[in-house]
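Read in order, the letters of the sequence shown are residues 3 to 337 in the working numbering. No residue lacks a Cβ here, since even glycine has one placed at the ideal position from N, Cα and C. All values reported here derive from a predicted model rather than from experimental measurement.
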Amino acid sequence: MIKNQRTGSPIIPRNKADPTQSGKHVRKMYRDIENRYHGLKKALRQLFDLSFSGRERNQNSLYSYILAKNAQNEPDSLIRVNAGVYSYDLAERPDEYARFLERLQSILDEYLLDGGSENLWAFSHIAAEYDRGTLNAYTNLSLQSEVYASQTTLTYLMSQPAYQNQIAAAFISTFSDWRGISDAARADLSNIIGTSIARGVNPRETARIVSQRLDVSMSNAKRIAQTEQVGALRRANWNETTWASERLGLRTGLLWLSALKPTTRSWHAARHGKVFTVEEVEAFYADGGNRFNCYCATQPVLLNDDGTIYNKGIIDKLEHEKNGWKSSGRGENEN
Ligand SMILES: [Zn+2]
């Protein structure tokens with residue numbers, strides 16, 4: 003009996019639209035990303051000014067198209083250009099062109115992979131969310147269980163090798179995501195520039211298209227960053243939910259809180275107010291697209307022996323919120 007003695011209810015965040023309370027932290031990382039792309043664009047403009055020498059051609063321009071690849075599962079972009087108006091020196095100097103491409107890649111890496119695999123600039127954002135997730139799990143479980151509160155400290159949790167390993171694992175996947183973003187940008191820009199040179203597109207127009215393509219890359223990077231951050235926060239909650247149960251023999255689960263936004267996917271909203279096991283939640287997020295643009299929280303909760311949540315009142319209230327979202331005509335949205 004002592005084991006399951008409860009002192010309080012799980013925390014339901016006040017801001018319903020942001021149950022993980024990540025908004026502020028995500029925006030902070032977005033600003034970091036924006037500054038990086040800003041610096042990147044400036045550095046590339048300088049490279050172009052140095053490299054795009056040549057001569058104007060005195061002939062009427064021809065319309066042409068450049069096909070640009072977007073993120074996976076998104077349609078490609080067809081960009082209309084004025085061709086046949088410029089002869090690039092690079093077109094006749096393959097060695098110089100090869101050096102130009104190397105320089106392009108190193109500039110991209112300099113800004114997007116700053117710090118490298120050991121100390122990537124993005125790691126601090128991810129570690130902060132992992133810590134916040136751990137703090138959230140700790141606070142929640144402490145409120146719900148006296149046994150947990152009396153036998154757990156935050157310092158203890160954070161000094162555990164399992165905790166360190168999880169952060170290291172999060173860093174590896176974060177680095178690999180950013181490696182992917184930089185590689186995709188390199189492939190996209192090399193293709194744009196190569197085609198522009200071959201078709202004789204004006205260097206100013208080439209630079210303008212490159213800038214637009216970097217905006218596409220940036221919005222993809224932001225989407226991935228939000229996924230990484232909230233992913234780290236959720237992972238920390240899941241881990242402590244599992245570890246608390248192993249360490250103290252408590253029966254724990256995860257209470258699903260959907261943001262219930264107009265854009266929330268119906269199958270995410272449908273989980274609002276339901277309790278799941280860590281394995282069930284992991285399986286949900288392992289399914290490709292569910293991780294992206296997801297604002298759902300999975301809150302650690304203490305359960306009765308039959309797997310139900312102690313404070314039934316909370317479930318009723320959440321159920322009510324979900325029905326309100328449904329009856330406002332939402333839930334038809336697939337995105
Ligand atoms: Zn979601």
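Asked: For THR229, which residues in the same chain have their Cβ closer than 6 Å to its Cβ, ignoring the five residues on either side in sequence?; Found: ARG293, PHE294
Asked: Tell whether a beta-carbon distance below 8 Å holds between LEU92 and ILE199.; Found: yes
Asked: Hey, TRP327 and ALA271 are a contact pair by Cβ (cut 8 Å); roughly how many whole angstroms apart?; Found: 6 Å
Asked: Please report the residue range of the alpha helix (DSSP H) in which TRP269 lies.; Found: 268–271
Asked: Taking 7 Å as the cut-off, does the CB of SER260 come closer than this to any heavy atom belonging to ligand 1?; Found: yes
Asked: So if I measure from each beta-carbon to every heavy atom of ligand 1 and keep distances below 5 Å, which residues remain?; Found: HIS270, CYS296, CYS298
Asked: Are there three or more Cβ pairs, one per stretch, closer than 8 Å when the stretch 232–240 is compared with the stretch 47–67?; Found: no
Asked: Rounded to whole angstroms, what's the CA-CA distance from SER219 to LEU137? Just pull it up for me.; Found: 33 Å
Asked: Is it buried or exposed for ASP190, if we count other Cβ within 10 angstroms and need 16 for buried?; Found: buried
Asked: Residues in its own chain within less than 7 Å of LEU250 by CB, not counting five upstream and five downstream?; Found: VAL149, TYR150, GLN153
Asked: Would you say the stretch 154–166 touches the stretch 265–279, given that touching needs at least three Cβ pairs under 8 Å?; Found: no
Asked: With burial defined as no fewer than 16 other Cβ atoms inside 10 Å of the residue's Cβ, what is the status of ILE311: buried or exposed?; Found: buried
Asked: Taking the Cβ atom as the reference point for each residue, do PHE304 and THR22 lie within a distance shorter than 8 Å?; Found: Contrary to the premise, residue 304 reads as Leu rather than Phe in this sequence. Contact: no.
Asked: Taking all protein chains shown into account, decide if ASN204 is buried (16 or more other Cβ within 10 angstroms of its Cβ) or exposed.; Found: buried
Asked: Hey, would you say LEU262 sits closer than 8 Å to VAL277, going by beta carbons?; Found: no
Asked: Can you tell me the Cα-Cα spacing of VAL280 and THR244, whole angstroms?; Found: 7 Å
Asked: Which of the three DSSP states is assigned to LEU123 in this structure?; Found: A small correction: the amino acid at residue 123 is Trp; Leu does not occupy that position in the sequence shown. Correct three-state label for TRP123: coil.
Asked: How far does the alpha helix (DSSP H) with ASN60 in it reach, from first residue to last?; Found: It is not in any alpha helix (DSSP H) - ASN60 carries neither H nor E in the DSSP assignment.
Asked: At the level of alpha carbons, what is the spacing between ASP307 and GLN146?; Found: 15 Å
Asked: Would you kindly work out how many angstroms separate the C-alpha atoms of ALA285 and GLY196, rounded to a whole number?; Found: 43 Å
Asked: Across which residues does DSSP place SER79 in a beta bridge pair?; Found: ALA70
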